[in-house]
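Under our numbering, residues 155 to 208 are what the sequence shown spells out, in order.
Read through the structure below, which is laid out as C-alpha cells, and then see the notes.
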Amino acid sequence: MLRLLTDEELDRHPDRAAVLQSWLDASESEGLWSRRDVYRAVVKSRYRALAHLR
C-alpha cells in the first residue's frame, strides 16, 4: 500500500529521491491516494528533483 510521507519522515530515509519516484511509479490501485494527491505531495516536498517534475 502506498503511504505518502512528510518531509520529516523522509529525513530518515537514505534515498529520498527513490521514495518520491516510487510514489510516481505506483498505480492508483496501490493506495488510498489519487494521482493528484501524489503529484501534489511530490511538488511540495523539499526533496523533489527536476526529474520528478517532468
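From the three backbone atoms N, C-alpha and C, an ideal C-beta is built for every residue, glycine too.
Just so we're clear, the structure is a prediction, and the values are computed from it rather than from any experiment.
Assuming residue i and residue j form a contact by the criterion Cβ under 8 Å, report the distance between their Cβ atoms to the nearest whole angstrom.
{"i": "tyrosine 201", "j": "leucine 158", "result": "Tyrosine 201 to leucine 158, Cβ: 13 Å. No contact."}
{"i": "leucine 248", "j": "valine 192", "result": "A question about residue 248 goes unanswered here, because the residues of the chain that appear run from 155 up to 208."}
Identify, in the order they occur along the chain, each residue of the same chain with its Cβ nearer than 7 Å to the Cβ of residue i, setting aside the five sequence neighbours on each side.
{"i": "glutamate 184", "result": "Met155, Leu156"}
{"i": "arginine 170", "result": "Leu164, Tyr201"}
From residue i to residue j, what does the alpha carbon distance come to, in whole angstroms?
{"i": "lysine 198", "j": "alanine 172", "result": "16 Å"}
{"i": "arginine 194", "j": "alanine 180", "result": "15 Å"}
{"i": "leucine 207", "j": "histidine 167", "result": "20 Å"}
Cutting at 8 Å between CB atoms, please list the residues of its own chain near residue i, excluding the five before and the five after it.
{"i": "serine 188", "result": "Glu182"}
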